[in-house]
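Asks:
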Amino acid sequence: MPGFIDPSAVIDPRAIIDPTAIIGANVKIGPWTLVGPEVELGEGCDIRSHVVLKGPTKIGARNTIYQFSTVGEDTPDLKYRGEPTQLIMGDNNIVREGVTIHRGTVQDQGKTVIGSNNLLMAYVHIGHDSVVGDNCILVNNASLAGHVVVGDWAILSGYSLVHQYCLIGAHSFAGFGCHISKDVPAYVTVSGSPAEAKTINVEGLKRRGFSGDAIAAIRRAYKIIYRQNNTVDEALAALAPIVADFPEVQLLVDSLKQSQRGIVR
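Take 23 as the starting number for the sequence shown in the numbering used here and just add one per residue.
1) Whole angstroms is fine: what's the gap from P29's alpha carbon to V146's?
2) Under three-state DSSP, which class holds A266?
3) Which full runs of the alpha helix (DSSP H) of 4+ residues lie inside the region 186 to 256, going along the chain?
4) Give, in chain order, every unbroken run of the beta strand (DSSP E) that is at least 3 residues long and sits entirely within the region 41 to 71.
5) Is the number of C-beta pairs between the region 175 to 183 and the region 197 to 204 that are closer than 8 angstroms three or more?
6) Considering only residues of the same chain and omitting the five flanking positions on each side of Q250, which have a CB-CB separation below 6 angstroms?
7) Just to confirm the assignment, what range does the beta strand (DSSP E) spanning L109 have?
8) Could you tell me the boundaries of the beta strand (DSSP E) in which G135 lies?
9) Around the C-beta of K76, are 16 or more other C-beta atoms found within 10 angstroms, so that it is buried, or is it exposed?
10) So what's L100 in DSSP terms, helix, strand or just coil?
11) What did DSSP end up calling K12 once you bin it into helix, strand or coil?
12) With V271 as the anchor, note down where its alpha helix (DSSP H) starts and where it stops.
13) Does the Cβ-Cβ distance between A37 and P59 come in under 8 angstroms?
14) Under 8 angstroms, do S138 and D99 count as touching if we go by C-beta distance?
15) Near V32, which residues of its chain fall below 6 angstroms by C-beta distance, leaving aside the five closest residues on each side in sequence?
16) Just to check my reading of the structure: I81 and E62 have Cβ atoms closer than 8 angstroms, yes? What is that Cβ distance to the nearest angstrom?
17) Can you tell me whether A300 is buried or exposed? The criterion is at least 16 other CB atoms within 10 Å of its CB, across all chains shown.
18) Can you tell me where the beta strand (DSSP E) holding V93 begins and where it ends?
19) Cα separation between A97 and T79?
20) I'd like the span of the beta strand (DSSP E) that includes I285, first residue to last.
21) Using the rule of at least 16 other Cβ atoms within 10 Å of the residue's Cβ for burial, across every protein chain shown, is P207 buried or exposed?
22) Suppose contacts are defined by Cβ-Cβ distances below 8 angstroms. Is I136 in contact with V121 by that definition?
23) State buried or exposed for V275, treating a residue as buried only when at least 16 other CB atoms are found within 10 Å of its CB.
24) Could you give the distance in angstroms between the alpha-carbon of T55 and the alpha-carbon of R70?
25) Residues in its own chain within less than 7 angstroms of D34 by CB, not counting five upstream and five downstream?
26) Quick check on A262: buried or exposed, where buried means 16 or more other Cβ atoms within 10 Å of its Cβ?
27) Rounded to whole angstroms, what is the Cα-Cα separation between N140 and L258?
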């Protein structure tokens, strides 16, 4: 299929643009950047120098991608045989230096998905078939293996490592150098290698406008799960009355029910 370059796009003559690429309005592309086949860049994207974009990849509006990042590359998964898989990225993301994001595989949904308003700091890696929600921060060298799901507003500190198929709950926080091999429930703060649950992400919830009563309810829910020697099923039963009064706790309940690998303890 023929590509399209909007007349308002500003492309350095030293960039290499495949004829099938679609470049939206007011896009900027720096020198020595490669935009490969079947790449689509939405309005207002700012692609700096020495970036490699490969497709099929669809990148939304107003994303900034810094130098030496590789976005949309084939996965190194040995099961991959060159099938046409995708990377889909939302809007207003910041992708800092040296970030690598791989497309999906047909063994999963065939696509890797990045939401909107995320900050991916230097040398972050997002493996094939992973899903990152909205408003997340992945700090320098945080790495997701394949098939990882990261909920909205989660933060992974520097050098955090997440095992394949793990679920990282919304509003959770992982401390520096965490090795995460089980699921992290929503709102929970973990640290260590292997990661252990420590408390709830109180500071993050305050910043996002959670009420004092809601935070207190989430704290009670945390104690039911982690401080009363309950199994997950026992904890879920005990959480039902809290959910009735504080719907915010439902997010925590849902993350427990979705866990397949077991939760970080």
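Don't be surprised by glycine CBs; every beta carbon is placed ideally from N, CA and C.
Replies: Considering the structure as presented:
1) Here the alpha carbon of P29 sits roughly 33 angstroms from the alpha carbon of V146.
2) If DSSP states are grouped into helix, strand and coil, A266 belongs with the helices.
3) Uninterrupted alpha helix (DSSP H) stretches at least 4 residues long and entirely within the region 186 to 256 occur at 224 to 229 and 234 to 248, given in chain order.
4) Taking only runs of at least 3 residues, the beta strand (DSSP E) segments lying wholly in the region 41 to 71 are 61 to 63.
5) Output reads yes: the region 197 to 204 touches the region 175 to 183.
6) No residues qualify anywhere along the chain.
7) Its beta strand (DSSP E) spans residues Q108 to M111.
8) Residue 135 is actually Val in this sequence, not Gly. Run containing V135: K133 to I136, per the beta strand (DSSP E) assignment.
9) The residue is buried, with at least 16 neighbouring Cβ atoms inside 10 Å.
10) The three-state secondary structure of L100, taken from DSSP, is coil.
11) A question about residue 12 goes unanswered here, because the residues of the chain that appear run from 23 up to 287.
12) For V271, the enclosing alpha helix (DSSP H) has its first and last residue at V271 to Q280.
13) For A37 and P59, no; Cβs fall outside 8 angstroms.
14) Result no, Cβ atoms of S138 and D99 do not sit closer than 8 angstroms.
15) Apart from the 5 residues on each side of it in sequence, V32 sits with its Cβ closer than 6 angstroms to the Cβ of K50 in its chain, given in chain order.
16) Yes, they are in contact, since the Cβ atoms of I81 and E62 sit about 7 angstroms apart, within 8 angstroms.
17) Beyond the ends of the chain as shown, which are 23 and 287, falls residue 300; an answer cannot be given.
18) Residues T92 to E95.
19) As written in the sequence, residue 97 is Thr, which differs from the Ala given in the question. Here the alpha carbons of T79 and T97 stand approximately 13 angstroms from one another.
20) Element bounds for I285: n/a, residue is neither H nor E.
21) With 16 or more other Cβ atoms within 10 Å, it is buried.
22) V121 is positioned such that its CB atom lies no closer than 8 angstroms to that of I136.
23) Counting Cβ neighbours within 10 Å, V275 comes out buried, since at least 16 surround it.
24) Approximately 7 angstroms between the Cα atoms of the pair.
25) By the criterion of a C-beta distance shorter than 7 angstroms, D34 is surrounded in its chain by I51, G52 and P53, once the five residues flanking it on both sides are discounted.
26) With fewer than 16 other Cβ atoms inside 10 Å of its own Cβ, A262 counts as exposed.
27) Rounded to the nearest whole angstrom, the C-alpha separation of N140 and L258 is 31 angstroms.
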